[in-house]
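Worksheet for the structure shown next.
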Ligand code: GLA
């Protein structure tokens, strides 16, 4: 339901909840998807990321039950399932519910006592497009459990629970970025997160620019397997470098000079993967300073540099992403454009002058069609607050 306003989405979700469960929901939670502006494939290297929470979200309506059953209805899939809080394991029959199962499991593993619930959910975050639809589902469910059980758990800890659910119940060894920004994003701001200690600050987005997401329409078939390979290559780089730099725990600790000096220790491919991460870490400070000053030109250049490095060194781009980035860069008023998320399809993110957005959309749609024979969906995103009850 991408074009329905939030109010309409909430009211239609409430209706469905009432029809199905015969009562009003006690809480309706909204948890956003995300677009990452800078710092890609850095979160699992203890580095920095700079995502925004976007105005595409999962809505999760829930009411407590007296027993230990969780009954879920996914409106968009027209699917239902039920499970007991005493018997939590991933389900191969209902994989869409593994996020909720995992979240419940890891909340209980931390000692929180949960009551059952009835829930209905719907999402307008495009699935599999690299905008973190799964993190939004996890965070929405976790927040609903927290609200209905009055759990004393912080939002950063809730994000960690969601990450664990993604690792163990969905089988994706992701970093912390997606769940964290879905929980702690702020309207009008990007979130600068230090993925080593989870220290964060909100950085205001300059006036007069828009964040524009373009979807390749290519679903990320390779993202799972190649993501694991990239993680392993980063770990391999760390192991080699530790021989000469014993203080290094993660690529985050390596400077560009150190990497250049010890290049010979690393296999060529591993060196290039490491160079992407090390340069991304080194460049983040200046880029954030530019953003704070409202210098969209300098920040846009950092986005372009990041994309080049993701394409050439990290090798997570694909022809469709390249076509979108090239088309974006042809538009006057586009400051920078890059792939966002894991890569191998999914979306690009571009920073565009507000008054150039319609020309941007017109040009990119047309060029993309010419170049690839495919259609792109263009989403002009507002930076939104992280999870909350509405
Ligand atoms: C996926 C993961 C994130 C992050 C990005 C790449 O979105 O879920 O943790 O690693 O890829 O930056």
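Residue numbers (the numbering used here): -17 to 372. For glycine and all other residues, C-beta sits at the position ideal for the given N, C-alpha and C.
| query | result |
| --- | --- |
| Sequence-ordered residues whose beta carbon comes within less than 5 Å of a heavy atom of the ligand NAD | By its list of ligands, the structure shown excludes the ligand NAD, since it contains just the ligand GLA. |
| Straight-line gap, residue 65 to residue 131 (C-alpha atoms, nearest Å) | 18 Å |
| CB-CB length for residue 302 against residue 198, believed under 8 Å | 4 Å |
| First through last residue of the alpha helix (DSSP H) which encompasses residue 341 | 339 to 354 |
| Bounding residues of the alpha helix (DSSP H) (the contiguous stretch that carries residue 311) | 301 to 311 |
| Residue nearest to residue 17 in terms of C-alpha spacing, selected from 258, 59, 117 | 117 |
| The region 179 to 193 / the region 201 to 220 touching (three or more Cβ pairs under 8 Å) | no |
| Rounded straight-line distance, which links the Cα of residue 236 to that of residue -17 | With a pLDDT of 41 at residue -17, under the threshold of 50, the modelled position of this residue cannot be trusted; read the value that follows with caution. Roughly 45 Å between the two C-alpha positions. |
| Straight-line Cα distance separating residue 100 from residue 334 | 42 Å |
| Alpha-carbon to alpha-carbon, residue 256 and residue 71 | 36 Å |
| Given 8 Å, three or more beta-carbon pairs between the region 354 to 368 and the region 326 to 346 | yes |
| Nonlocal neighbours in the same chain, by C-beta distance under 7 Å from residue 1, ignoring five residues either side | none |
| Residue -15 versus residue 55: straight-line alpha-carbon distance, rounded | Residue placement at residue -15 is flagged as unreliable, the pLDDT there being 47, under the threshold of 50; a coordinate-derived value is accordingly withheld. |
| Within the region 32 to 106, ranges of the alpha helix (DSSP H) (whole runs, at least 4 residues) | 80 to 91 |
| Contact under 9 Å by Cβ, residue 48 with residue 126 | no |
| For residue 183, the residue or residues it bridges with in DSSP | 174 |
| Simplified DSSP state of residue 14, which is helix, strand or coil | strand |
| First through last residue of the beta strand (DSSP E) which encompasses residue 317 | 316 to 322 |
| Buried/exposed call for residue 57, threshold 16 Cβ in 10 Å | buried |
| Backbone CA spacing between residue 210 and residue 155 [nearest angstrom] | 7 Å |
| Three CB pairs or more closer than 8 Å across the region 255 to 273 and the region 21 to 30 | yes |
| Start-end ranges of the alpha helix (DSSP H) lying completely within the region 228 to 304, minimum 4 residues | 238 to 243, 250 to 274, 278 to 294 |
| Span separating the alpha-carbon of residue 289 from that of residue 89 | 37 Å |
| Limits of the beta strand (DSSP E) - the one that residue 2 falls within | That residue, residue 2, is in no beta strand (DSSP E); its alpha helix (DSSP H) goes -12 to 3. |
| Rounded straight-line distance, which links the Cα of residue 23 to that of residue 259 | 7 Å |
| Coil, strand or helix - residue 137 by DSSP | helix |
| Residue environment, residue 82, which counts as buried when at least 16 other CB atoms sit within 10 Å | buried |
| Residues of its chain near residue 372, where Cβ-Cβ distance is below 6 Å and the 5 sequence neighbours each way are ignored | 10, 12 |
| Identity of the residue in 108, 278, 284, 287 nearest residue 336 by Cα | 278 |
| Where residue -3 falls, given that 16 or more other Cβ within 10 Å makes a residue buried | exposed |
| Distance between residue 124 and residue 134 (C-alpha atoms, nearest Å) | 12 Å |
| Reduced DSSP category for residue 28 - H, G, I as helix; E, B as strand; rest coil | coil |
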